[in-house]
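Here the structure is laid out as structure tokens; the discussion comes afterwards.
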Amino acid sequence: MNDATFRFTVHPSSGLPIYRQIMDQVRALVAGGRLAPGDLLPSVRQLAAELQVNMMTISKAYARLEGDGVIERVRGTGMRVRPPSARGSLADRRQQLRPLVEQAVIRARQLQLDDAEIIEVVQSVLNEPVLKEHQP
Amino acid sequence: MTSEAVVSAQGVCRRFGSKEVLRGVDLAVPRGSVVGLLGKNAAGKSTLIKCLLGLLRIDDGTIRVFNEEPWWLSAESKSRLGYVPQEVSLYGWMRVRQVVQYTAAFYPRWNAALAEKLVRQWELPPNDRVGPLSPGQLQKLAIVLALGHEPELLVLDEPVGTLDPVARRDFLRTILDIAQSETRTILFSTHITSDLERVADRVAILRDGRIVFHDELDVLKESVKRIRITAARDLPASFAVRGALRVEVSGRSALVAVADAGNGLIDELLATWNATVDVEDLSLEEIFLEMHHAG
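Those protein sequence lines, which keep their order, are chains A and B.
Using the numbering used here, you'd call the opening residue of the first sequence number 6 and step up by one each time.
Using the numbering used here, you'd call the opening residue of the second sequence number 1038 and step up by one each time.
In structure tokens form, the structure reads like this:
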């Protein structure tokens, strides 16, 4: 069994459809670097069995993620995480980042950090070796 | 999904004396789907199921199961069908093992290994008599009997009502195994929405003798929303939202449940009321409750 299987959880009674929960989790795992480009996702059957949900739910999540360019289908192998693509104009890409930054800033304010302190944290994250080497 | 329907009903009516239980039911169950039939107590779920299976005659409308009229269903079609009634009645003097053998004899294709596996998995005592079994054990046994011939269409009336949480999970796992096959269709009634959310890909909601909603579960969850509206000033008495299931106004704010939050509704609200709008996702249970508010 693919060990990525155990990284997913679903809450069937949440208002969010289960396929959306799975899509969000794949995106989060990719964004957090815990699923790297080239990593395989668990098969539809495996994940459906593990989470005890309908297989169609998993297929739907994978198909949408494929459509969004997050993963790709490799014949005979399964679904693979794609390298992140920088599509769209610079303005678009900045716009995509904005909500994530907003969330971080809101949290920072709750933690009573001032602007300089927030920027310092951002700077130190940017300087982390793993992230540094991916600089365009 | 427009694939061929295994079960279809049009304008189905059924009354008991002066009581109209089904008042024009339209429903098409596509092949390969898992449909959860949801409704309050006494909504007519069991009546509908019995009509679909030809166990009750209908007063009006048409029903087709495997393209046949269910009242006159052929033996061949019956052998492709499995049914677990809400109230299980079996010969009490038979032993569990005997009931399984007795049922197997009715079917040309009976998967004895599968039946045996389920009996073991669900810890049914094969040498005990059926009479003293608990309601939960009886229900498990009825499910085994309905699954043994690997029916193409499985119909279950409140299958999990008497099952404990462990048995319910086992049951759901079994249903999911069956659902993996694209040619097998499952229709089950329930009022336990959390089970339905795991296994069903479609939901049909029966209310006041009619199907008021039938579509994919995800479509339902994506369209029915609760919206919180806060306007700059007090909302007028004429405040209304199209497609609202429920509206509660209090001063500048309103809480509205809508049947379809798509179609630019949110933008429309923002523009019309100069308001901030929060959209809340709802669980199936909440959706069910909201749908029963109106009217």
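C-beta: ideal position from N, C-alpha, C; glycine also.
All figures in this text were calculated on a predicted structure; none of them were measured in a lab.
Check: With a threshold of 7 Å between beta-carbons, can A:VAL142 be considered close to chain B, or not?; Outcome: This structure cannot settle anything about residue 142 of chain A, because the visible part of chain A is limited to 6 through 141.
Check: Please go through the same chain and pick out, in chain order, the residues whose beta-carbon is closer than 7 Å to the beta-carbon of B:THR1140, but skip the five residues on each side of it.; Outcome: LEU1182 and GLY1185
Check: Can you grab the Cα-Cα spacing for the pair B:ARG1205 / B:LEU1161, in whole Å?; Outcome: 15 Å
Check: Using three-state DSSP, classify A:LEU45 as helix, strand or coil.; Outcome: strand
Check: Taking C-alpha atoms, which residue in B:ASN1311, B:GLN1158, B:VAL1058 and B:THR1230 lies nearest to B:LEU1093?; Outcome: B:VAL1058
Check: Taking the alpha-carbon of B:ALA1274 as reference, which of B:ALA1042, B:GLU1113 and B:ARG1289 has the nearest alpha-carbon?; Outcome: B:ARG1289
Check: Which class does B:PRO1067 belong to by DSSP, given the choice of helix, strand or coil?; Outcome: strand
Check: Can you tell me which of A:VAL35, A:MET84 and A:ILE23 puts its alpha carbon nearest to the alpha carbon of A:GLN57?; Outcome: A:ILE23
Check: Which of the residues in the segment 1210-1234 of chain B, read from start to end, lie with their CB under 7 Å from any CB of chain A?; Outcome: ARG1210, LEU1213, ALA1216, GLN1217, SER1231 and GLU1234
Check: Per DSSP, what kind of secondary structure is B:LEU1190 in: helix, strand or coil?; Outcome: strand
Check: Nearest to B:ARG1068 by CA position, among B:ASP1318, B:LEU1075 and B:SER1218, is which residue?; Outcome: B:SER1218
Check: Would you kindly report the start and end of the unbroken beta strand (DSSP E) that includes B:THR1227?; Outcome: 1222-1227
Check: If you compare alpha carbons, which of B:PRO1172, B:VAL1167 and B:THR1084 is closest to B:TYR1128?; Outcome: B:VAL1167
Check: With a cut-off of 7 Å, does the C-beta of B:LEU1282 fall near any C-beta of chain A?; Outcome: no
Check: Which residues in chain A have a C-beta closer than 9 Å to the C-beta of B:LEU1319? List them in chain order.; Outcome: GLY20
Check: Less than 7 Å between CB atoms is the rule here; does B:GLY1315 satisfy it with respect to chain A?; Outcome: The residue you asked about is not Gly; residue 1315 of chain B is Asp in the sequence shown. Cβ-Cβ to chain A under 7 Å: no for B:ASP1315.
Check: In three-state terms, what does DSSP make of B:ASP1207?; Outcome: helix
Check: Kindly give me the distance between the Cβ atoms of B:VAL1316 and B:ILE1303, rounded to whole angstroms, as I take these residues to be in contact under 8 Å.; Outcome: 7 Å
Check: Does the beta carbon of A:MET28 come closer than 7 Å to any beta carbon on chain B?; Outcome: no
Check: Taking Cβ positions, are B:ALA1241 and B:LEU1074 nearer each other than 7 Å?; Outcome: yes
Check: If you measure between the beta carbons of B:PHE1225 and B:LEU1193, is that distance less than 7 Å?; Outcome: yes
Check: Alpha carbon to alpha carbon, how far is A:VAL127 from A:GLN117?; Outcome: 16 Å
Check: Using the C-alpha atoms, what's the distance from B:THR1199 back to B:ALA1312?; Outcome: 48 Å
Check: What span of residues does the alpha helix (DSSP H) with B:ILE1095 cover, start to end?; Outcome: Neither: B:ILE1095 is in no alpha helix (DSSP H) and is coded neither H nor E.
Check: Is the Cβ of B:VAL1236 closer than 7 Å to any Cβ of chain A?; Outcome: yes
Check: In whole angstroms, what separates the C-alpha of B:ARG1247 from that of A:TYR67?; Outcome: 35 Å
Check: Excluding sequence positions up to five away, which residues of its chain have a Cβ less than 7 Å from the Cβ of B:VAL1236?; Outcome: VAL1071, LEU1209, ILE1212, LEU1213 and ALA1216
Check: Check whether the Cβ atoms of B:SER1045 and B:ARG1101 sit closer than 7 Å, and answer yes or no.; Outcome: yes
Check: Measure the Cβ-Cβ separation of B:ARG1283 and B:GLU1327 and say whether it is below 7 Å.; Outcome: yes
Check: At a CB distance below 8 Å, what residues from the segment 33-53 of chain A approach chain B? Give them in sequence order.; Outcome: ARG50 and ALA53
Check: Report the option in B:ASP1063, B:ARG1134 and B:SER1171 whose CA atom is closest to the CA atom of B:LEU1155.; Outcome: B:ARG1134
Check: Using three-state DSSP, classify B:THR1039 as helix, strand or coil.; Outcome: Residue confidence for B:THR1039 is low, a pLDDT of 45 falling below 50, so the modelled location carries little weight and cannot support an answer.
Check: Between A:ARG69 and the rest of its own chain, which residues show a CB-CB distance below 8 Å, the 5 nearest in sequence each way excluded?; Outcome: TYR24 and MET28
Check: Can you find a C-beta in chain A that's less than 7 Å from the C-beta of B:LYS1258?; Outcome: yes
Check: Does DSSP classify A:MET84 as helix, strand or coil?; Outcome: strand
Check: Assuming B:VAL1062 contacts B:VAL1043 (C-beta within less than 8 Å), just tell me the rounded distance between them.; Outcome: Not confirmed; about 16 Å, so no contact.
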